[in-house]
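Residue numbers (my numbering), protein chains in the order written: chain C, 1 to 76; chain Z, 77 to 258.
For each residue, glycine too, the CB sits at the ideal point set by N, CA and C.
All of these numbers come straight from a predicted model, not from anything done at the bench.
See below for the structure under consideration.
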């Protein structure tokens, strides 16, 4: 049996969770997901929906710079 | 493969998690959205290289991650400065409410080495398997595992072991947990 103390004092214990308390681990996991999901819940900002639409429309057109007009409808 | 309607919809559906990943990596909302935009442009420009049936989110995350890393090198000084001043404002304040705790967590996350931070986010928040995360980061699965473990250790030290730069003795951790339970 390894004493827990033998792992102490090292900044990173390879292989194992290094004696990290399970409660801390679960708290970290929870906070990480809370932070992440907070952004995910914001959905897709219009900016990106518009961007994809424009790029899609100008699929045959290599010039993507002109954001003002979309020459999709009426032209083949 | 060509950009079909369903592929386009799938790309759009990935935007929320791409943004979350970008913000977690960069700690900066504006920059994160620029990263996402650049990612979408690259993805659509290179859509032919996407293999049908393969993991679209992983493909998009790979693009974003690589963009961030090349961008990061250019801006490293700026980031470190921001981190330093931000951390200073937090240092003397214990987490007294949820918001502060949240800010503290974010600051701690930004202190992690980039390799560890991205591994932890991909596995712990984005929900990728170790294998997918390894593919996204271009490294071995074992490397991802060890980065995730080190990231967790470091976060524990930063957040839950008072004043410790390194991960301290287990006794300290237990004392913190046991002592401040109430």
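#1: What three-state label does DSSP hand residue 45(C) in the structure shown?
#2: Can you tell which of 212(Z), 199(Z), 231(Z) has its C-alpha closest to the C-alpha of residue 221(Z)?
#3: Beta-carbon separation of residue 226(Z) and residue 192(Z) under 8 Å?
#4: Assign residue 109(Z) to buried or exposed, taking buried as 16 or more other Cβ atoms, counted over all protein chains shown, within 10 Å of its Cβ.
#5: Which residues bound the alpha helix (DSSP H) around residue 219(Z)?
#6: Just the C-alpha distance for residue 118(Z) and residue 231(Z), rounded to the nearest angstrom, thanks.
#7: Considering only their Cβ atoms, is the gap separating residue 100(Z) from residue 176(Z) smaller than 8 Å?
#8: In this structure, does DSSP put residue 201(Z) in helix, strand or coil?
#9: Taking its Cβ as the centre, do 16 or more other Cβ atoms sit within 10 Å of residue 127(Z), making it buried, or is it exposed?
#10: Compare the Cα-Cα distances from residue 223(Z) to each of 197(Z), 235(Z), 120(Z), 137(Z) and report the closest residue.
#11: Taking residue 87(Z) as the query, report the chain C residues whose CB atoms sit under 9 Å from its CB, ordered along the chain.
#12: Is residue 277(Z) helix, strand or coil when you go by DSSP?
#13: Report the neighbours of residue 56(C) on chain Z: residues whose CB is nearer than 7 Å to its CB, in chain order.
#14: Using a Cβ cut-off of 8 Å, which residues of the region 198 to 223 of chain Z contact any Cβ in chain C, in chain order?
#15: Within 10 Å of its beta-carbon, does residue 207(Z) have 16 or more other beta-carbons around it, so buried, or fewer, so exposed?
#16: Rounded to the nearest angstrom, what separates residue 164(Z) and residue 22(C) at their Cα positions?
#17: Could you work out which residues of chain C lie near residue 99(Z), taking near to mean beta carbons separated by less than 8 Å?
#18: Does the distance from the C-beta atom of residue 79(Z) to that of residue 132(Z) stay below 8 Å?
#19: So residue 215(Z) and residue 141(Z) are in contact, right, with Cβ under 8 Å, and what is the actual spacing, rounded?
#20: Please confirm whether residue 234(Z) and residue 187(Z) have their CB atoms less than 8 Å apart.
#21: What residues of chain C sit near residue 93(Z), judged by a beta carbon separation below 7 Å?
The short version:
#1: Residue state, collapsed to three classes: coil.
#2: Nearest of 212(Z), 199(Z), 231(Z) to residue 221(Z), Cα basis: 199(Z).
#3: Residue 226(Z) places its beta carbon less than 8 Å from that of residue 192(Z).
#4: In summary, residue 109(Z) is buried, with 16 or more beta-carbon neighbours lying within 10 Å of its beta-carbon over all protein chains present.
#5: Residue 219(Z) -> alpha helix (DSSP H) spans 217 to 236.
#6: Going by the C-alpha atoms only, they are around 33 Å apart.
#7: In this structure, residue 176(Z) lies away from residue 100(Z), with their beta-carbon atoms at least 8 Å apart.
#8: Look at residue 201(Z) here: in three-state DSSP terms it is coil, with no helix or strand label.
#9: Counting Cβ neighbours within 10 Å, residue 127(Z) comes out exposed, since fewer than 16 surround it.
#10: Taking only the C-alpha atoms, the option nearest residue 223(Z) is 197(Z).
#11: Taking a Cβ-Cβ threshold of 9 Å, the residues of chain C close to residue 87(Z) are 52, in chain order.
#12: The question about residue 277(Z) has no answer here: the residues shown for chain Z are numbered 77 through 258.
#13: Chain Z residues near residue 56(C): 79, 84.
#14: For the region 198 to 223 of chain Z, which is checked against every Cβ of chain C, the residues closer than 8 Å are 200, 201, 202, 222.
#15: Residue 207(Z) comes out exposed.
#16: Residue confidence for residue 164(Z) is low, a pLDDT of 43 falling below 50, so the modelled location carries little weight; the figure read from the coordinates is stated next. Computed Cα separation, rounded: 29 Å.
#17: Those are 39, listed as they occur along chain C.
#18: No, the pair does not count as a contact, with Cβ atoms beyond the cut-off.
#19: Rounded, the Cβ-Cβ distance is 11 Å, inconsistent with contact.
#20: Judged by their CB atoms, residue 234(Z) and residue 187(Z) are nearer to each other than the 8 Å cut-off.
#21: Result: 40.
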